[in-house]
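Down below is the structure, laid out as structure tokens.
Numbering (our numbering), first residue to last: 4 to 499.
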């Protein structure tokens, strides 16, 4: 009897020891696996954000795992352009949810500008007919570039200015070569060895070409395609590391069909199918505002006499049909200025006075989702009311527009009395908070030469720098089967 009890006790102890051993083994495996995941995340993940590429400002949001307010309570995303990834010349629908942006902690600053990574840019020496020659500048000697130390070619004014980013970015790369420009505030520098570059910059003034030389524009696009596809840099990457300016929505209608692997700098995706341009691949840049900035703005909620302001073209096509309907709903409302206007004659002066004396400024979708009116409102410190469901905004991966803009879905805005009741419900304190924020962030939308820390030129370069990991990911994926298809002795001559 005693032996039987001892035997049973031994079996129980053995089972417990075995169970404990297996438990410890599983725990050890899980700890080891978590350590491996931690060691391979963050730095090596191509789509993670390098905080060294973020601007040095308290006004920017960063991604984390904390809880956040769902942005779709305010506006709907542009699904067509957000849900497409371009991999190996195929369109792959991405089944993912956009990570939500948490509430911004204004007391937390991003990494120092002195520690940021400077974007290395290789710029083609394109013939002058593609850039400054369009400004009636004539090259002297063998150089295709003007001597920017003596005199800058003049860029035409008026509405031409709103798509002039090609001019400012090209000047910024040229000035980076001057000894006096070497400073810690630079965001991008020119390199002359393409193998050292993060991005290959194509200095084609496409918007200017379209606006001023529409008949010649198609010819220049054809020439550009032939030039680029013949270059070794294009052949090595299939164009994936190239940066092409196409800010005017019609500026590259022909060439884009052949140059789509490149990263485009655009104003929006309004006239681009998602297999050619999308938010994963491309960069959205601001328009250059047409009206002057409101310097020394000492206005207040009470001193701005107009509640809601809109002046511009009312009859629009595509997504702009809402303008006519909103005009009918708002034209007779107290405190609302809603009228036709243009940049002709005295239009810009009137718009300046109107925006600077208004509390809120309407930004309604027109022929495309965006317009320079938004940026005119920002520099007028007139709180933008954005009614454009498919709009994409510059630097929105780091800048929370809900701090200084109001977003309203089109279907809600078109309900009788909805918009006017919503705007009148925003009180003095909330408006003043957004007004102050507009004054803090307006510099991010200023184009100037030479560029300065945190202005539009440097913000665009930083946005491009944040695309570089994704560009490298695409290029590396494209090389996977190259050797098995082309043989051991074949170099990376082409991946097209």
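Cβ coordinates follow ideal geometry from the N, Cα and C atoms, glycine included.
In this text the structure is predicted, and so the values were computed from the model without any measurement.
Host alpha helix (DSSP H) of residue 227 (start-end): 217 to 233
Pairwise C-alpha distance: residue 289 and residue 128: 26 Å
Buried/exposed call for residue 448, threshold 16 Cβ in 10 Å: buried
Per-residue DSSP class, three states only, for residue 339: strand
Under the three-state DSSP convention, the category residue 420 falls into: coil
Under the three-state DSSP convention, the category residue 314 falls into: strand
Touch test, the stretch 457 to 464 against the stretch 174 to 192, Cβ-Cβ under 8 Å, three pairs minimum: yes
For residue 193: DSSP bridge partner residues: 124
Residues that DSSP places opposite residue 387 in a beta bridge: 364
Residue burial classification, residue 362 (beta-carbon count within 10 angstroms, cutoff 16): buried
Ordered list of alpha helix (DSSP H) runs contained in the stretch 390 to 453, each at least 4 residues: 413 to 416, 421 to 427 and 431 to 444
Cross-strand partners of residue 205 (DSSP beta bridge): 247
Among 389, 168 and 335, the one whose alpha carbon lies nearest that of residue 292: 168
Cβ separation of residue 325 and residue 381, assumed to be a contact under 8 Å, to the nearest whole Å: Contact flag wrong, Cβ pair sits at about 21 Å.
Where residue 293 falls: helix, strand or coil (DSSP): coil
Check whether residue 155 and residue 214 have beta carbons under 9 Å apart: no
Proximity to residue 150 [Cα-Cα], best of 159, 375, 174 and 166: 174
Identity of the residues DSSP links to residue 371 by a beta bridge: The partner list for residue 371 (beta bridge, DSSP) is empty, contrary to what the question assumes.
Endpoints, beta strand (DSSP E) assigned at residue 268: 266 to 269
Same chain only: Cβ atoms within 6 Å of residue 477, ignoring 5 sequence neighbours per side: 243
Rounded straight-line distance, which links the Cα of residue 474 to that of residue 350: 43 Å
Limits of the unbroken alpha helix (DSSP H) element including residue 166: Looking at the DSSP string, residue 166 is not in any alpha helix (DSSP H), and its letter there is neither H nor E.
Anticipated Cβ contact below 8 Å, residue 148 with residue 177, distance rounded: 6 Å
Residue 367 to residue 343 span [Cα, whole Å]: 13 Å
Coil, strand or helix - residue 355 by DSSP: helix
Nearest-angstrom Cβ-Cβ length linking residue 357 and residue 297, presumed shorter than 8 Å: About 12 Å; that fails the 8 Å criterion.
Residue 354 versus residue 364 - alpha carbon distance: 11 Å
Sufficient close CB pairs (3 or more, under 8 Å) joining the stretch 223 to 231 to the stretch 253 to 265: yes
Contact between the stretch 273 to 288 and the stretch 334 to 343 (3+ Cβ pairs under 8 Å): no
Whether residue 287 touches residue 263 by CB criterion (9 Å): no
Residue 395: CB within 8 Å of a non-hydrogen atom of the ligand ZN: The ligand ZN is not part of this structure, which contains no ligands at all.
Cβ contact (3+ pairs, closer than 8 Å) linking the stretch 430 to 449 and the stretch 244 to 251: no
Selection from 464, 359, 479 and 480 that minimises the alpha carbon distance to residue 267: 464
Whole-angstrom distance between residue 360 and residue 308, CA atom to CA atom: 6 Å
Residues bridged to residue 287 (per DSSP): 269
Bridge partners - residue 309, DSSP secondary structure assignment: 361
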